[in-house]
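**Q** Sending over a structure as structure tokens; questions will come in a sec.
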Amino acid sequence: MKPPKIQMLLAAGIVLTAAGCGGSEAADDKPGAAGGSAVTISVGCQPPRSNTLERSAWDEDVAAFEKLHPNIKIDSKDAFPCINPDTFQAKLAGGTMEDVFYVYYTDVQKIIAAGQAADITPYVSGVSRLKDLRPDVLNVFKSGEKIYGLPRTNYTTGLVYNRKLFTQAGLNPDAPPKTWAEVHEAAKKIAALGPGHVGFGEYSAGNTGGWHFAASLYGRGGEMVTPDGKAAAFNSPEGKAVLENLKKMRWTDNSMGSKQLLQWEDLMRMMGGGKLGMMIGAPDVVQTVNNDFKGKFEDYGVTALPEAKASLGGGDGYMINPKATPEKIKAAVLWLEFHELTPGRGQFDYERSKRQGRPVGLPIPDLYGDTEPGKEIVKLREANATVPVANFAPFAQGSAAIQNKLEPPKAQELYAILDVPMSAVLTRQDADIDQLLADAEAKANKVLAASS
Amino acid sequence: MSTTTAPASRPRGPGALRSGIRRNLTAYGFLCGALICFAFFSWYPMVQEVLLSFQRTNFVDEPTWVGWANFRTVAEDAAFADAWLNTIAFTGLALVFGYVVPFVAAIVLNELRHAKAYLRFVVYLPVMLPPAVAVLLFKWFYDPGAGLFNQILDLAHLPALSWLDSTDTALISLVIVSTWMNLGTGTLIYLAALQSIPGELYEAAELDGAGLFKRVWHVTIPQTKLILLVMLLLQIVATMQVFIEPYLLTGGGPENATLTVAYLMYQYAFNFGDFGGGGALGLMLMVVLMVFSAFYLRLSRDNQS
Chain A
929 MKPPKIQMLL AAGIVLTAAG CGGSEAADDK PGAAGGSAVT ISVGCQPPRS NTLERSAWDE
989 DVAAFEKLHP NIKIDSKDAF PCINPDTFQA KLAGGTMEDV FYVYYTDVQK IIAAGQAADI
1049 TPYVSGVSRL KDLRPDVLNV FKSGEKIYGL PRTNYTTGLV YNRKLFTQAG LNPDAPPKTW
1109 AEVHEAAKKI AALGPGHVGF GEYSAGNTGG WHFAASLYGR GGEMVTPDGK AAAFNSPEGK
1169 AVLENLKKMR WTDNSMGSKQ LLQWEDLMRM MGGGKLGMMI GAPDVVQTVN NDFKGKFEDY
1229 GVTALPEAKA SLGGGDGYMI NPKATPEKIK AAVLWLEFHE LTPGRGQFDY ERSKRQGRPV
1289 GLPIPDLYGD TEPGKEIVKL REANATVPVA NFAPFAQGSA AIQNKLEPPK AQELYAILDV
1349 PMSAVLTRQD ADIDQLLADA EAKANKVLAA SS
Chain B
32 MSTTTAPASR PRGPGALRSG IRRNLTAYGF LCGALICFAF FSWYPMVQEV LLSFQRTNFV
92 DEPTWVGWAN FRTVAEDAAF ADAWLNTIAF TGLALVFGYV VPFVAAIVLN ELRHAKAYLR
152 FVVYLPVMLP PAVAVLLFKW FYDPGAGLFN QILDLAHLPA LSWLDSTDTA LISLVIVSTW
212 MNLGTGTLIY LAALQSIPGE LYEAAELDGA GLFKRVWHVT IPQTKLILLV MLLLQIVATM
272 QVFIEPYLLT GGGPENATLT VAYLMYQYAF NFGDFGGGGA LGLMLMVVLM VFSAFYLRLS
332 RDNQS
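Protein chains in written order, with this note's numbering: chain A, 929 to 1380; chain B, 32 to 336.
Spelled out as structure tokens, the structure:
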């Protein structure tokens, strides 16, 4: 067999050190280039050429911004996906990381802890809507009182469901489940539609099982770690309830299908294929299913996570290269405010999105909650809606009061550990939940103790 | 490079050395290209990887030396033992299947009188598929619902298996994929070895009344002993680095049943952002593989001499 030589792959990042030439040390970057002096910033996540509509909107925004700030030039860097964990460290090592780089919430605290992002606290005081940002969203990018990035999107977790299958199974798609008992009933009816139909799907491999365990645990009011972050707290009645719930659906109700070890793309594909009834996910799942997995917006709905007390926050944003000069950081903050945080502009230019025929109306992103800019964004979104807004109304209503909760420290390590109990209850009928949680707790405590 | 040895009559000394170098300049030129490529793309990353395993780095600030701390961290990880045991089990199973099956296939192909070229092509075909495609093909074969394998079992009135979804069968399922993907290469190498065996040996054995099994036992195996040994070592070195199968098919599950050292290494480096830990695991694996590589080099040298 010819597997890749991983040890070389690991060191590939280092090779880039020699190949790269310090992306943030450009000639225009001399100290003292403040004020009116020209500055160029490279910005990640320009939509790829294949996405012509979003690409043209981005380029239009760049032109408008450069007109507004003639001394700033935006060097857009496209990529799909916008961030690849496999190349993140290599880009940083090789000096090819953008000045303004894209991140998922999942990675933010890890990046801050590793010192791989610049502290932008002194530079964001001029952002007029900073005070209106949801505190739980801004907290994602904070460590102590310091701010290390700005959000682009934010969502809370809900329950994505297939309205078409609900109808076929004799369920009312306009009255989606509000409790886990109702989820069980609906899942059973959908699974009974015939071979290949799965009532409720769940992840259990590649760290995604642990990730969704955390989402469900938060929903039930549980905690992943103790308040000081030094010990695991998921071996609790809430943690047990998460696993028991899955075990019942998998083995007693037989509503979760026989294929397990599912990872991120698997559930999306099943949703797009029209055989999956329900899954935990945010409205962006519907967008992905529509864009990449041949699903249709009108066939899906999203409601709040059943019985939710809190929700694992999800989303993405931008952080700044720690090697960037103050001038670049100032320019980066101006761009982010313009493109990501202004109602009616950049990503919130819903009039343009409608004109381009892009989907408008999903209740995401929610950066501002019920503040003035938040209301303005919702108003603009409703006025320009192109997707069936009513399908997502249960989510918007039900999630409004649900608190966003941050990922735990050492998130990926804990998710890897929790893949084990998740895969156990979904693949083994005799899985001992108490034992699985106790084992996972012991492993997690070791990881947390080592990092504290 | 036969030109590197000067004839005995040629005068020795610095002048001779210079003229020797001049004569071989073109050869050194060609060699340099390969050496630079190896040095830059193979050896330099490997040296850096060794350094990384003793450092803590964020790729922004200067790395700090942490001695054996990274090794301690990964060794104390509860998944560490699972990963090594699974890797050893995978290697062992891959030897049973991946070592024997191609040898038998080569013997069968060698014995055939008709359709030899066609069958060789058929056997080699899976090697031409990109590994990711081959692996994902098996994902469909293993599907516990509508998968091909369970449909075959159903036709034979046998109970369906969970394949990848059970701790009992997940690892062996990966071995089957790996064996299928690499069957062609092994078979062709064995076939080449078989065809170099003088035909007279078989004729003599046949005259002595040896059947197929006796011919294989008394002629084929002794005559291909060296290549069998070399293939054994190469197989061990290759299978211990198993990554793509667990990465694409099982994500290391269920319950870490398919977590391998290479996959754990990937998790450390890219999921946990701990390149030092990943480097430490890589170095451990490399040391183990170097032992087998040393045996291989020794065998090759013995063969040449």
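Where a beta carbon is used, it is the ideal one built from N, C-alpha and C, also for glycine.
1) If you run the structure through DSSP and keep just helix, strand and coil, what is residue 1076/A?
2) Mapping the DSSP letters down to three states, classify residue 99/B as helix, strand or coil.
3) State the DSSP-derived secondary structure class of residue 223/B, mapped to helix, strand or coil.
4) Please list the segments of the alpha helix (DSSP H) lying wholly inside the region 224-276 of chain B, counting only runs of 4 or more residues, in order along the chain.
5) Residues of chain B with CB closer than 8 Å to the CB of residue 1351/A, please, in chain order.
6) Answer with buried or exposed for residue 1074/A, where buried requires no fewer than 16 other C-beta atoms within 10 angstroms of its C-beta.
7) Cα separation between residue 284/B and residue 163/B?
8) Alpha carbon to alpha carbon, what distance is there between residue 1028/A and residue 1003/A?
9) Who does residue 1231/A pair with in a DSSP beta bridge?
10) Mind checking the region 1326-1353 of chain A against chain B and listing, in chain order, the residues whose C-beta falls within less than 7 Å of any C-beta there?
11) Name the DSSP bridge partner or partners of residue 1247/A?
12) Less than 8 Å separating the beta-carbons of residue 1251/A and residue 967/A?
13) When you compare the CB of residue 1253/A with every CB in chain B, is at least one pair closer than 8 Å?
14) Within 8 Å of any Cβ in chain B, is that where the Cβ of residue 1204/A sits?
15) How long is the line joining the alpha carbons of residue 965/A and residue 999/A, rounded to whole angstroms?
16) If you measure from the beta carbon of residue 1135/A to each beta carbon in chain B, is any gap under 8 Å?
17) By the criterion of Cβ-Cβ separation under 7 Å, what are the contact partners of residue 195/B in chain A?
18) Do you know how far the Cα of residue 1237/A is from the Cα of residue 1173/A?
19) By DSSP, does residue 85/B sit in helix, in strand, or in coil?
20) Would you report the Cα separation of residue 330/B and residue 1136/A, rounded to the nearest angstrom?
21) Three or more beta-carbon pairs under 8 Å between the region 1104-1119 of chain A and the region 1055-1064 of chain A, yes or no?
22) Considering only DSSP beta bridges, list what residue 1160/A is partnered with.
23) Taking only beta carbons into account, state which residues of the region 103-129 of chain B come closer than 9 Å to chain A, listed in chain order.
24) Would residue 1088/A pass as a contact of residue 1230/A if the rule is Cβ separation under 8 Å?
25) Mapping the DSSP letters down to three states, classify residue 1181/A as helix, strand or coil.
26) Among 135/B, 69/B and 212/B, which one has its Cα closest to the Cα of residue 168/B?
27) Quick one: what's got a C-beta closer than 8 Å to residue 48/B's C-beta in the same chain, skipping five residues either side?
28) Since residue 1319/A and residue 1288/A are thought to touch, with beta carbons under 8 Å apart, how far apart are those beta carbons, to the nearest angstrom?
29) Please determine, among 297/B, 252/B, 144/B and 99/B, the residue with the shortest C-alpha to C-alpha distance to residue 225/B.
30) For the alpha helix (DSSP H) holding residue 1340/A, just list the boundary residues, first then last.
31) So, is the C-beta of residue 101/B closer than 8 Å to a C-beta in chain A?
32) Below 8 Å on the Cβ atoms is my guess for residue 1081/A versus residue 1327/A; work out the distance and round it to an integer in Å.
33) Which same chain residues end up closer than 8 Å to residue 237/B when comparing Cβ atoms and leaving out the 5 residues on each side of it in sequence?
34) Relative to the ligand ATP, is the shortest distance from any of its heavy atoms to the C-beta of residue 1262/A smaller than 7 Å?
35) Just checking, does the region 1126-1135 of chain A make contact with the region 1153-1162 of chain A on the three C-beta pairs under 8 Å criterion?
36) Helix, strand or coil for residue 984/A, going by three-state DSSP, please let me know.
**A** Working from what's here:
1) The count along the first sequence starts at 1 and reaches residue 1076/A at position 148. Here residue 1076/A sits in coil by DSSP.
2) Locating residue 99/B in the second sequence gives position 68, counting from the first residue. In the structure shown, residue 99/B sits in coil (DSSP, three-state: anything other than H, G, I, E or B).
3) In the second sequence, counting from the first residue as 1, residue 223/B sits at position 192. Reduced to three states, the DSSP call for residue 223/B is helix.
4) 230-238, 243-246 and 256-270
5) Residue numbering aside, residue 1351/A sits at position 423 when the first sequence is read from its first letter. Those are 284, 285 and 286, listed as they occur along chain B.
6) The sequence position of residue 1074/A within the first sequence is 146, counting from 1. Answer is exposed; the Cβ neighbour count stays below 16.
7) Along the second sequence, read from residue 1 onward, the residue named residue 284/B stands at position 253. Along the second sequence, read from residue 1 onward, the residue named residue 163/B stands at position 132. About 18 Å.
8) Along the first sequence, one-based indexing puts residue 1003/A at 75. Along the first sequence, one-based indexing puts residue 1028/A at 100. Looking at the two C-alpha atoms, the distance is approximately 10 Å.
9) Residue numbering aside, residue 1231/A sits at position 303 when the first sequence is read from its first letter. Residue pairing by DSSP places residue 1231/A opposite 1087/A in a beta bridge.
10) 1340, 1341, 1344, 1347, 1348, 1351 and 1352
11) To locate residue 1247/A, count along the first sequence from 1; it is residue 319. Note: residue 1247/A sits in a beta bridge opposite 1029/A and 1077/A.
12) As a working note, residue 1251/A is residue 323 in the first sequence. As a working note, residue 967/A is residue 39 in the first sequence. For residue 1251/A and residue 967/A, no; Cβs fall outside 8 Å.
13) Along the first sequence, read from residue 1 onward, the residue named residue 1253/A stands at position 325. With 8 Å as the cut-off, residue 1253/A does not count as an interface residue toward chain B.
14) The sequence position of residue 1204/A within the first sequence is 276, counting from 1. So, not an interface residue.
15) Working through the first sequence from its first residue, we reach residue 965/A at position 37. Working through the first sequence from its first residue, we reach residue 999/A at position 71. The alpha-carbon atoms of residue 965/A and residue 999/A are separated by roughly 6 Å.
16) Stepping through the first sequence from its first residue, residue 1135/A is reached at position 207. It does; some Cβ of chain B falls within 8 Å.
17) Against the second sequence, residue 195/B aligns to sequence position 164. Residues of chain A passing the Cβ test: 1189.
18) Mapped onto the first sequence, residue 1173/A falls at position 245. Mapped onto the first sequence, residue 1237/A falls at position 309. Between residue 1173/A and residue 1237/A, the C-alpha separation is close to 17 Å.
19) In the second sequence, counting from the first residue as 1, residue 85/B sits at position 54. If DSSP states are grouped into helix, strand and coil, residue 85/B belongs with coil.
20) The residue labelled residue 330/B in the question sits at position 299 within the second sequence. The residue labelled residue 1136/A in the question sits at position 208 within the first sequence. Computed Cα separation, rounded: 46 Å.
21) no
22) Mapped onto the first sequence, residue 1160/A falls at position 232. Residue 1160/A pairs with 1153/A.
23) Residues of the region 103-129 of chain B with a C-beta less than 9 Å from any C-beta of chain A: 104, 107, 108, 109, 110, 125 and 129, listed in chain order.
24) In the first sequence, the residue the question calls residue 1088/A occupies position 160. In the first sequence, the residue the question calls residue 1230/A occupies position 302. Closer than 8 Å, so yes.
25) Against the first sequence, residue 1181/A aligns to sequence position 253. It is coil, neither helix nor strand.
26) The residue labelled residue 168/B in the question sits at position 137 within the second sequence. The shortest C-alpha separation from residue 168/B is found at 212/B.
27) As a working note, residue 48/B is residue 17 in the second sequence. Same-chain partners within the cutoff: there are none.
28) By 1-based counting over the first sequence, the position of residue 1319/A is 391. By 1-based counting over the first sequence, the position of residue 1288/A is 360. Not confirmed; about 14 Å, so no contact.
29) On the second sequence, residue 225/B is found 194 positions in, with the first residue counted as 1. The candidate whose alpha carbon is nearest that of residue 225/B is 252/B.
30) For the purposes of this step, residue 1340/A is taken as the residue at position 412 of the first sequence. Element bounds for residue 1340/A: 1339-1355.
31) By one-based count along the second sequence, residue 101/B stands at place 70. No, residue 101/B does not count as interfacial toward chain A.
32) Your numbering for residue 1081/A matches position 153 in the first sequence. Your numbering for residue 1327/A matches position 399 in the first sequence. In fact, because the Cβ distance is near 14 Å, the residues do not count as touching under 8 Å.
33) Walking along the second sequence from the start, residue 237/B turns up at place 206. Once the five neighbours on either side are set aside, the close Cβ partners of residue 237/B are 246.
34) In the structure on display, the ligand ATP does not appear, and there are no ligands present to speak of.
35) In short, these stretches do not touch, since the Cβ pair count stays below three.
36) Here residue 984/A corresponds to residue number 56 of the first sequence, with the count starting at 1. In the structure shown, residue 984/A sits in a helix (DSSP, three-state: H, G or I).
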